[in-house]
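Visitor:
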Amino acid sequence: MAKFYGPIGYAVTVETRPGVWEEQITERPYYGDLIRNTRRLQSSETLNDDISVANEISIVADPFANENFHSMRYVGFMGAKWKISNVEVQYPRLILTIGGVYNDDNGAAT
Numbered sequence: 007m008a009k010f011y012g013p014i015g016y017a018v019t020v021e022t023r024p025g026v027w028e029e030q031i032t033e034r035p036y037y038g039d040l041i042r043n044t045r046r047l048q049s050s051e052t053l054n055d056d057i058s059v060a061n062e063i064s065i066v067a068d069p070f071a072n073e074n075f076h077s078m079r080y081v082g083f084m085g086a087k088w089k090i091s092n093v094e095v096q097y098p099r100l101i102l103t104i105g106g107v108y109n110d111d112n113g114a115a116t
């Protein structure tokens with residue numbers, strides 16, 4: 007089993023002006039294990055096929071991760087940010103399933 011260390015992005019809702027709430031991304035680093043390392047090629051209507059991964063990463067959860075697992079948006083893995091498609095709670099660990107490339111607020115892949 008391969009080891010993992012990288013950032014996880016959380017969408018935290020903050021009040022930017024009185025009565026205006028927006029999501030801001032907060033990153034926190036985590037250690038864990040890479041449980042499954044696979045990729046799949048999805049055919050689409052675009053010129054190039056979409057590459058997505060179906061990896062599972064098991065992280066050792068701190069209290070912040072346990073309380074905010076519903077706010078997890080992406081994992082930094084292999085030099086890219088990947089969308090978290092599923093989170094399974096297995097205390098004291100969280101099993102993260104990641105999918106396609108994460109796009110920031112501007113729609114750009116990061």
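Its first residue numbered 7, the sequence shown is counted upward by one per residue in this note's numbering. Note that the Cβ used here is the ideal one computed from N, Cα and C, for glycine as well.
(1) Which value, in whole angstroms, describes the spacing of the CA atoms of V95 and F70?
(2) When you compare each of K9, Y16, V20, M7 to D110 by their alpha carbons, which one comes out closest?
(3) If you measure between the beta carbons of V81 and G12, is that distance less than 8 Å?
(4) 8 Å is my cut-off, CB to CB: does A8 come that close to chain D?
(5) Quick one: give me the first and last residue of the beta strand (DSSP E) that A67 is part of.
Guide: With the structure as the only source:
(1) 13 Å
(2) Answer by Cα proximity: Y16.
(3) yes
(4) Absent here is chain D; the protein component of the structure consists of one chain.
(5) A67 -> no beta strand (DSSP E), and no H or E assigned at all.
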